[in-house]
Structure formats: C-alpha cells, structure tokens
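In terms of the working numbering, the sequence shown opens at residue 57 and continues consecutively. Note that CB positions come from ideal geometry on N, CA and C, so glycine has one too.
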Amino acid sequence: MTQVVVPLGDAEPAALLARAARARQLGADLLELRLDLALAAGARAADLLAVLPQLPLPAIVTVRHQREGGRWQDDERARLRLYEEAEARGAAWIDRELAAQREHPWRPTRARLLLSYHAWSGAGQALPEVVAAMRAAGADLAKLAVLVRDAAELAALRALHDRRGPVAAMAMGEAGLPSRVLAGVWGAALVYARLPEDPGTAPGQPALDELLTLYRLRAQRPETAVYGVIGAPIAHSLSPLVHNLGFAHHGIDAVYAPFLVHDARAFWQACGDWFGGLSVTVPHKQTLAALLAECEPEAAPIGAINTVYRRADRCCGANTDAEAVRRCCERALGGSLHGRCALVLGAGGAARAAVHALRAAGARVLISNRTPQRAAELAAEFAATVVPLAQAATAPYDILINATTVGLRAPDDTPWPHPLRPEALVFDMVYDPLDTGLLRRARVAGCSVVSGLDMFLEQASGQFRRWTGRELPMAEARAACLARLAQRSV
Ligand code: NAP
57 MTQVVVPLGD AEPAALLARA ARARQLGADL LELRLDLALA AGARAADLLA VLPQLPLPAI
117 VTVRHQREGG RWQDDERARL RLYEEAEARG AAWIDRELAA QREHPWRPTR ARLLLSYHAW
177 SGAGQALPEV VAAMRAAGAD LAKLAVLVRD AAELAALRAL HDRRGPVAAM AMGEAGLPSR
237 VLAGVWGAAL VYARLPEDPG TAPGQPALDE LLTLYRLRAQ RPETAVYGVI GAPIAHSLSP
297 LVHNLGFAHH GIDAVYAPFL VHDARAFWQA CGDWFGGLSV TVPHKQTLAA LLAECEPEAA
357 PIGAINTVYR RADRCCGANT DAEAVRRCCE RALGGSLHGR CALVLGAGGA ARAAVHALRA
417 AGARVLISNR TPQRAAELAA EFAATVVPLA QAATAPYDIL INATTVGLRA PDDTPWPHPL
477 RPEALVFDMV YDPLDTGLLR RARVAGCSVV SGLDMFLEQA SGQFRRWTGR ELPMAEARAA
537 CLARLAQRSV
C-alpha cells in the first residue's frame, strides 16, 4: 500500500512537533525531516535530533546536499555522522542520493535505506538502469523524482513500478501531478504530500487533504479505473472536482486527474491505453478528434471533441459542449429552439460547438466576431449569417451567447457594450468569475440567464453518463464548484 509522507523543514522544534501532529491528524503515514532545510534556516542539529523520538509518526531523515537540490553544504563525513545520530535517535528511514551512496558506500544498521535520484532535465534517461543501480547499492526502497514538462513523459515513470521491489517514481512540476495523485494506482511505495498551508519541498507536491479526499488515495488499487482531463493550461480546471465527486457518490472504483499536455499526439501514443475515459480541453479538441477512429455523429461536423469514452474495445469521441448549449437553452426557454434567433459572439472552438448545436436544433444563427473572416468561415459552414460587430446592437436576437474569452478573469470587461433586450435569454460561457459583468447587466435588464457554470456542469454530466451510465450528482457538483470559485476570488 502507498504510504503518504509529509516533508517538514522547520527550524524550531516546537513548530516541527506541532506540524508533525497536524500531518498525523490529517492522515499522513510518515514524516520526512529535511534536516538540510532546517539547519539552513538556523536550527541546531542537537535540537532537531532531540525531537526525533517525540515525533508522532515514523520519520525519514534526509540531508540533501546543495548539488543534489538541497541546502546542505558541509562534507560527506559530517553528513554521515548526522545520519548515524539520527538513526540512533530512532529514524525509521535514511534517505541518501544514489551518487553519494556510490561514492561513499554506507549502510544504516537499524534504519532502512532509501536511495534517491533527482533529474531536473526530463524523463528521457535510462531510468530502469537507475533503479537497478539503486538495488545493487543496497536500497530498501528506490525513489526517483524527475522534472517533466509534458504528461506524455509520465509513461516512463509509471513503467518503473514493477513487482521486483518497492519503487516510488514521481514527476516534479505541474505536468507531474498525476504521478502523485495516482500513486496508489501506479503501486508506488511512497507519495509525498504537503500540509495544505505549505508551499511544499518540491514543485508539484499535492496538498495532503486533496490527495486523501479528492483523489481518494486510500481507495486506489492497480485495478482502479483512471480518467482525466488533458489540456494546456490545466491547473484551473474544475473537472477533477466534479468527476471525482461523482465517482465517490456512486461508489465507483475510479479516479480522475488533470494532465498538462502540450503534445496531444505524443501523449495519446504513450498513455492513451491508461484511461477509461478522457475530457479534452483547449488546445487539443481538434487533434484528438483526428486521432480517434470513431466520433459520434454530432461531433463529426464540429471537427472537435471534448470527450473520449470506450465503446466495447474502441475509443469514441463526443462533443458534450454542443449538447450542453442546446440543453441549457432549452431548459431556460422552457421549450424547443426551433425558429428562435441566436446571436453568437465569437468564432472559436466554443462558438463552433454552439453554432452547430443551435442550427441542428432548428434555430436561426447570427455570428459576430472580432475577426470578421473567422465569422464568415463559420457562418458559411453551418448556414448562419454574419453580423458585423458595428451592426450587432440592432440584431433581432432571442438568445445572446458570449462564446468569446472576453470577461474571463476580468469581471469588468464585457463582450456586449450595448443595451440588452429584456425578453432575451443571455448566455455567458465564461465561468471564472461566475458572475460576469454581462450576466450582472442581463439580470438588471430583466433577461433570463445561463451561466458558464450551468454549461460546464451540463457538459460534465454528458461525459459522466457516457463513462459510467450514471448521473453526475448535479447539486453536490454545483456546490463544490461554487466553493472552489469563491476560494479563487478571495
Ligand atoms: P477560442 O477558440 O480561443 O476562441 C476565442 C474567441 O474569443 C474568438 O472568437 C476570439 O476572437 C474572441 N476574442 C478573444 N479575445 C477577444 C477580445 N479581446 N475581443 C473580442 N473578441 C475576443 O476559445 P474557445 O475555446 O472558443 O472558448 C471561448 C470561451 O468559452 C472561453 O471563455 C472558455 O472558457 C469558454 N468555454 C466555456 C465552456 C463551459 O463549459 N462553460 C466550455 C467551452 C468554452 P478572434 O477570432 O478575433 O480571435
């Protein structure tokens, strides 16, 4: 079973003990005492060693040298003396870098030996040879931490978790997050997590509470189904929140992680067979559509997908953004879109899904976009009409849809500086902030509204249904998203 380690580098013994108690209370199994960090912050070695027997959890003691990415500057002899004293005070594990162990072979007598390897230049190394070298050098546990830029590189790390001995192979950086939140599925011996209020001791360490509650590490097994969202950027995505909540709600043995992917083709080749299903976001919606042998009939004319699911032994693509636009509009209007007139602002990927959905539902569609040429191309493809921005104010719309990025994280920017028609439905796809300037004005004008969060939840429910045959618990999912968005706005 994967053990959860919380690294602590406090210089003050009382603070160290208090934070160790907090780590235990939040569910950690082990502590890592980063003596190099504590000493560099002004601690006395004797004070830190005296704390060891009082810790509430077994400890890994680490003295990482500056050339290994730590803060220790003294020589190897002094470092080994510190390790020997830590062992005598009850350290459960001693962590040494493989290179140091090779240069100065040493074995603890009571504690176990964790050998580490850090690579700051990607996973393109001979990693299996590193693990073999660690075992040959006497490692009880082999730990590898590799900085990655793209989630496609994770395949090399996952493959190291074979059954020949305990390994903890993790990736550093935002693209490395799945290696940590899927540690239980990968069969990693250890995973490092930070206290929620800490920045962490390595880039990409997840918060302990998120690891245990959102990603349900304790329930993960090698058989647990993996789902995820791929895109760049990806850190802002609310999808892990809602889909993990859905899996937990229905007791489904599955976990959902965010994958920072720059090269969708390389990722699909390296990791495509890991997944029960995928969400796909900007900028990969078209690339994935082209890579799949099969797409749903509604996705094919859009040429972009936001969902991959398995049908028997094949992968199929779907565009649940389009169905979400239709459903949200129908619900808000209380009926069919047939014969309605929709004015779509924007001509990018989201506008494309909206225009297709509206036309397929029998609505008349007008398109206004900053770049007229893109509006013209989209209109020609779906038999819609271009309205130049300068004339948009007088367009006779029943539905006004903002499918531009205007207003995104800029609540005072508006894509529509004109008066609003009080009888119209105003739909803003932007959901961060939730209460956009456009929606605020629409409410004041007496319009009915659809928010970006309404659309987000609707497209997510279409994904969840395809993956599991179940319904996403919408009220819980909405509440979780509102809480997360509220946190972001403070
Ligand atoms: P996209 O493909 O990059 O298209 C962006 C669109 O915004 C283009 O039409 C672009 O016009 C326009 N635009 C950008 N900056 C502008 C500015 N300063 N003034 C006027 N127009 C501007 O993006 P997308 O994927 O379609 O996404 C569009 C929005 O929909 C985003 O805010 C996204 O978060 C949101 N969205 C929400 C959901 C949901 O579930 N709620 C789902 C998908 C998308 P040009 O053609 O002139 O560049």
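Please indicate yes or no: does the CB of residue i lie closer than 7 angstroms to some heavy atom of the ligand NAP?
i	result
residue 530	no
residue 336	no
residue 494	no
residue 426	yes
residue 464	yes
residue 69	no
residue 406	yes
residue 359	no
residue 518	no
residue 323	no
residue 471	yes
residue 515	yes
residue 486	yes
residue 461	yes
residue 511	yes
residue 328	no
residue 206	no
residue 41	Only positions 57 to 546 of the chain appear in this structure, which leaves residue 41 out of reach.
residue 97	no
residue 402	yes
residue 287	no
residue 430	yes
residue 395	no
residue 221	no
residue 508	yes
If you run the structure through DSSP and keep just helix, strand and coil, what is residue i?
i	result
residue 350	strand
residue 59	strand
residue 132	helix
residue 306	helix
residue 460	coil
residue 281	strand
residue 240	helix
residue 489	coil
residue 537	helix
residue 518	helix
residue 527	coil
residue 269	helix
residue 65	coil
residue 139	helix
residue 78	helix
Here's a check: name, in chain order, each residue in its chain whose Cβ is nearer than 7 angstroms to the Cβ of residue i, leaving out the five neighbours to either side.
i	result
residue 135	119 and 128
residue 111	76 and 87
residue 547	Residue 547 lies beyond the range of the chain shown here (57 to 546); nothing can be said about it.
residue 191	198 and 221
residue 131	none
residue 326	208 and 211
By Cβ distance below 6 angstroms, which residues in the same chain neighbour residue i in space, the five residues on each side in sequence not counted?
i	result
residue 442	423, 431, 432 and 435
residue 186	173
residue 407	400 and 459
residue 233	260
residue 85	59 and 60
Using the Cα positions of residue i and residue j, report the straight-line distance between them to the nearest angstrom.
i	j	result
residue 482	residue 476	9 angstroms
residue 146	residue 183	32 angstroms
residue 554	residue 272	The chain is shown only over 57 to 546; residue 554 falls outside these bounds and no answer can be derived.
residue 98	residue 67	6 angstroms
residue 96	residue 65	9 angstroms
residue 320	residue 58	30 angstroms
residue 275	residue 316	24 angstroms
residue 303	residue 309	7 angstroms
residue 336	residue 514	15 angstroms
residue 525	residue 91	51 angstroms
residue 535	residue 331	27 angstroms
Quick one: what's residue i bridged to in DSSP?
i	result
residue 199	172 and 224
residue 152	171
residue 424	401
residue 313	284
residue 504	481
residue 335	285 and 363
residue 246	59
To which residues of the same chain is residue i closer than 8 angstroms at the C-beta, ignoring the five residues directly before and after it?
i	result
residue 382	393, 413, 414, 416 and 417
residue 78	251
residue 217	223, 225, 242, 243 and 244
The ligand MG and residue i: does the residue's C-beta get closer than 7 angstroms to at least one heavy atom of that ligand?
i	result
residue 373	With respect to small molecules bound, the structure shown includes the ligand NAP and not the ligand MG.
For residue i and chain C, any beta-carbon pair shorter than 8 angstroms?
i	result
residue 373	Of the chains in the structure shown, none is chain C; there is only one protein chain.
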